[in-house]
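Chains as they are written, first to last, in my numbering: chain A, 1 to 479; chain B, 1001 to 1419; chain C, 2001 to 2121.
So, in structure tokens, the structure goes:
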């Protein structure tokens, strides 16, 4: 029997796992995909919101601001890149100035630090590519950018270091009460008995919740489409630039990513398809059209990929956190849509504390809060780098040309505690294949390395687990 | 720090030819840096024939063509390093490279030839909506998997783009037992050579759908099908013309982009028409002593012309090493009448080899035109061209004497006229 | 008299050829710019042939090569292309292989050998 089973290996599930691992107990995280960070957590704006947007008094506002405040320390502990590049909300029309003022005041109420309304002159000094028709902006210096994969993997690895068991490729079909106040978590392979359950199942969090509670909730997958541009376009803007929803409609954000690309999106389209992460011609056109209203000179020719994510939109547009009144020791993290990534650390901390309190789990003395990131040669000086290659020649063999990722980094990603098992896993951990050729050169080589490391044939190598095989067979056998 | 007179970045067809030509012009201290495990570049995976007609008067396969140049490099004793990735080149021509064997090292060069080649345009750049499952490959990636790794990436294939690599892979996948359902081409004409349409598509009954594109990709794990649609004159899909094609693989052959990250990091400005640096008549970029040739400069159709161009760069580098910077006056070549760009972009009439080859592409299909070159207002070249298309590189060869005869010309213009 | 339009595959120019046939036999050709074009036209309407290029598996390579590229030493009848491929599928070469090495004689019953086009050590 487990003390707690966490369902879902997104950023929230991994954050809960990490903070829960501060306590003594047996914990298990279940993830249906071949890797963590495969759902909502992987396809979003990759930003840590300052917290001015969520309506004052809501859980969204509370946990967003708390999460944002936790980020600098968490990033240090987990050795992940995080940068407070600041956020701007553009006001494109004088008629919208009262709305900008209202947003400012909402932010103040939420406790966001450093907010200012700036005039057009200062705005254009800060961001020369902002449209000349912008009249003012809200400036939030605590807005930040982060790598959602890096953050989720780091949280997961730190949880594993501290004793949490991760089961990937494990789909939960049912959760129901067991004997003596326990819960049964039924997967395709087996039934787990646990004292508590954490529901961090993303767009499926409503389905899980509704299995155990009479107070039904309704989660709709809301699709958001994005364009990602090459690093050569990464300096189009320096801060994360939003547009104030106003008389001209709702805008999209334009932001540099922590790795230096330019990210633009999202759209917002409700869908019935819980797996509907497809982009659409109309959606991508909308992203382009809306972005240009706020930012000029976006080099769309430098687009290297487009993608879509699904947000778990709860009909009341609010996070649902903690135990439903009729399901003791079942802890919801449901309806976690934007600003979910920003709120995730605070949600993880809160839910872990609630679980520990409910189960009376004692704190661990030997909890290790720090996790060491794999070596990133680009952060070394030339001398250190040269030293590294002398010690470990694998770091001298470049596999991904666009991002200059070495075999050493790919091996480290596969051999780490929460190791990559497919091409996407390698890509998200190392960026091999994430550059401008999108894996054209390196995919065959990464497949070779994965096959060798995992001890399987290349035919078994997948893009992202399941039926996503890259190869149909050996040439010649098909004749 | 190690020192070489000439460092050649890339050991593909351009790098090999450039190094040999530099050697033959007297340069002895040459180093070729190649990121792959063997010399020859992309030719090693281009196992089909059709290379070398101009250079060797023979139809060779890619590996055979490469082998001839590799032999020339070995015969001349030119040094090369494999599995070596160049990370950075400074404006002072210090090359930072990394490899397993030598680690991170810096090499000081007096002259550099950029010969990094090009890469394929990926799906994202094509803006194709839909899911992102396994089974979407650029044609070149599929070519490597089949020809080098001996792996078959798919059984039922749709190819988007009728560039030569796409056409070649249509045949190759068919020979290996896959079913190629069709090749869709956005433009109303093919981007590949006519003979490849005959011997790669028509021979095997593979339909070529001109003015068509892929508008949706289905399949959450592996591709299960694509939707194609007819496009209008501006390339926009026409609603109501969609057709779903079940398949497990989509190959993309939609253009090549010169691989100029190193050039950019040196501060070289790229010509938006070629995505490559601008060069003068000796293939020298705006940084003295830095030369460029082959697909890194502008995407070629035929490797023979890559070799020719690269040899000129090799001779140019030799001249630079022997005589120093070319300080003579450069005259920009003015292109008009549908000519999108020229390589070289400028010439110095006083610094000319025996003949000058100007390579260019046109922006649209043109019938019954003539290409003409003017020095000031004097026409010095005119040749009829029954058909010119963006998919086929054109060239004009001008003997040096023409420039001698117009020694004080201030303008050079190249244009197309009524035939 | 019958006319057929062909595209010459002899070189990248891709000349459009107009072949005249008399009672099914080649009579004349126009549109070619060289002798090879005329030869191609005559062959294409009477005995169409192609060079087949493919790969065969290789074992024992020091460079860890999996395949060695190869081609038919001459062009082979078009309708025997797949017979050549079937034979190629059964060949396993042993490294080292040199350019021009015969990997399979009489490939696909064409009487033409399959020869290596790359040195593999």
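All residues carry an ideal CB built from backbone N, CA and C; glycine is no exception.
- Proximity to residue 1275 (chain B) across B:1293, B:1352 and B:1384 peaks at B:1293, based on C-alpha coordinates.
- In the DSSP annotation of this structure, the continuous segment of the alpha helix (DSSP H) that includes residue 347 (chain A) starts and ends at 340-359.
- The stretch 78-124 of chain A contains, as complete beta strand (DSSP E) runs of 3+ residues, the segments 87-91 and 116-119 (chain order).
- With a cutoff of 8 Å on beta-carbon distance, residue 2019 (chain C) and residue 2045 (chain C) are scored as near each other.
- Here the C-alpha atom of residue 1142 (chain B) lies approximately 13 Å from the C-alpha atom of residue 1160 (chain B).
- Counting of Cβ neighbours within 10 angstroms places residue 2034 (chain C) among the exposed residues, the total staying below 16.
- In the structure shown, the three-state DSSP call for residue 2087 (chain C) is helix.
- Within the DSSP secondary-structure output, residue 320 (chain A) pairs in a beta bridge with A:334.
- Under the 8 Å criterion on CB atoms, residue 2065 (chain C) is classed as non-interfacial with respect to chain A.
- Between the stretch 1025-1036 of chain B and the stretch 1118-1134 of chain B there are fewer than three inter-stretch CB-CB distances shorter than 8 Å, so the stretches are not counted as touching.
- With at least 16 other beta carbons inside 10 angstroms of its own, residue 458 (chain A) counts as buried.
- In the displayed model, residue 16 (chain A) falls within a helix according to three-state DSSP.
- In the DSSP assignment, residue 1367 (chain B) falls within the beta strand (DSSP E) that extends over 1366-1375.
- The stretch 233-257 of chain A is shown to contain whole beta strand (DSSP E) runs of 3 or more residues at 240-243 and 253-256, in chain order.
- Under the rule that a run must span 4 or more residues, the alpha helix (DSSP H) segments found entirely inside the stretch 1110-1162 of chain B read 1123-1126 and 1139-1147.
- Where residue 1285 (chain B) is concerned, there is no enclosing alpha helix (DSSP H), because DSSP gives it neither an H nor an E.
- The beta carbon of residue 1091 (chain B) sits closer than 7 Å to those of 1266, 1267 and 1287, all from its chain and outside the five residues before and after it, given in chain order.
- In its chain, beyond the 5 residues on either side, 1271, 1273, 1274, 1298, 1335, 1360 and 1361 have a beta carbon closer than 8 Å to the beta carbon of residue 1341 (chain B).
- For residue 1140 (chain B), the residues of chain A that pass the 7 Å Cβ criterion are 440, in the order they occur in the chain.
- From the beta-carbon of residue 2057 (chain C), the residues of chain A found nearer than 8 Å are 476.
- For residue 1397 (chain B), the enclosing beta strand (DSSP E) starts and ends at 1394-1399.
- In this structure, residue 113 (chain A) lies near residue 142 (chain A), with their beta-carbon atoms less than 8 Å apart.
- DSSP places residue 224 (chain A) within a strand segment (E or B) once states are collapsed to three.
- CA-to-CA, the gap between residue 398 (chain A) and residue 288 (chain A) works out to about 34 Å.
- The DSSP-derived three-state label of residue 1165 (chain B) is helix.
- Linking residue 35 (chain A) to residue 425 (chain A) through their CA atoms gives a straight-line distance of about 7 Å.
- Approximately 17 Å separates the beta-carbon atoms of residue 409 (chain A) and residue 381 (chain A); this is outside 8 Å, ruling out the contact.
- Counting of Cβ neighbours within 10 angstroms places residue 362 (chain A) among the exposed residues, the total staying below 16.
- The alpha-carbon separation between residue 321 (chain A) and residue 366 (chain A) amounts to approximately 28 Å.
- Judged by DSSP secondary structure, residue 1049 (chain B) falls within the beta strand (DSSP E) whose first and last residues are 1049-1051.
- Using a 10 angstroms sphere on the CB of residue 1323 (chain B), the tally of other CB atoms stays under 16, which defines it as exposed.
- A direct Cα-to-Cα measurement between residue 1407 (chain B) and residue 1418 (chain B) gives close to 28 Å.
- Its chain contains 1031, 1033, 1095, 1107, 1109 and 1112 as the residues whose beta carbon lies nearer than 7 Å to that of residue 1007 (chain B), once the 5 sequence neighbours on both sides are disregarded; these appear in chain order.
- Inter-segment contact for the stretch 51-59 of chain A and the stretch 447-457 of chain A is absent: fewer than three beta-carbon pairs are separated by less than 8 Å.
- Interface residue (Cβ-Cβ distance to chain B less than 8 Å): residue 42 (chain A) is not classified as such.
- For residue 1304 (chain B), the secondary structure class from DSSP, reduced to helix, strand or coil, is helix.
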